[in-house]
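Per full-length UniProt numbering: the sequence shown = residues 1 to 125.
Read through the structure below, which is laid out as structure tokens, and then see the notes.
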Amino acid sequence: LHDLVRGIRNHKDDESKYINEAIDEIKQELKQENMAVKANAVNKLTYLQMLGYDISWSAFNIIEVMSSNKFTFKRIGYLAASQCFHEGTDVLMLTTNMIRKDLSSASMYEVGLAMSGLSCFINAD
């Protein structure tokens, strides 16, 4: 993430070209099996989303990171979901059981994470 921020700062003249290259690199990172690499890629996407770039194409990858057993990765996934998921997100139905499981977790941090995520992308279903 630090390299992405530094790169954007250093490429003020051709920022969109640099970001497109970064997105291609992130797509490759999302294809890897290592959850730490995926979580870092989702973290980068969350930053790009805050800059105004559309990351809706990565919704399934965000759900993968949300479903991690490691709290650090789960937190990154929920943050990304709260930033880019909305009522019309296609894959939101896939999160129902996962959120239910997190709400009944013994860890108060996981319950809090699920509650804060729900407040951002809940719908009638």
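Just so you know, even glycine gets a beta-carbon here, dropped at the ideal spot from N, CA and C.
Secondary structure remark: continuous alpha helix (DSSP H) runs of at least 4 residues inside the stretch 19 to 62, in chain order: 35 to 50. Taken through DSSP and simplified to helix, strand or coil, L4 comes out as helix.
Here the alpha carbons of K12 and G88 stand approximately 34 Å from one another.
Rounded to the nearest angstrom, the gap between the Cα atoms of K44 and L1 is 6 Å. Annotated three-state conformation of F121 is helix, per DSSP. Relative to Y78, the option among A22, I99, M93 whose CA is nearest is I99. A residue is called buried when at least 16 other Cβ atoms come within 10 angstroms of its Cβ; T95 meets this threshold and is buried. The beta carbon of E25 sits closer than 7 Å to no other beta carbon from its chain once the five residues preceding and following it are set aside. Judged by their CB atoms, S82 and G117 are nearer to each other than the 8 Å cut-off.
Residue range 71 to 84 is occupied by the alpha helix (DSSP H) that includes S82. Leaving aside the five residues that flank E110 on each side, the residues in its chain whose CB is nearer than 6 Å to its CB run, in chain order, D102. Around the beta carbon of L92, a 10 Å sphere encloses 16 or more other beta carbons of the protein chains shown; the residue is thus reported as buried.
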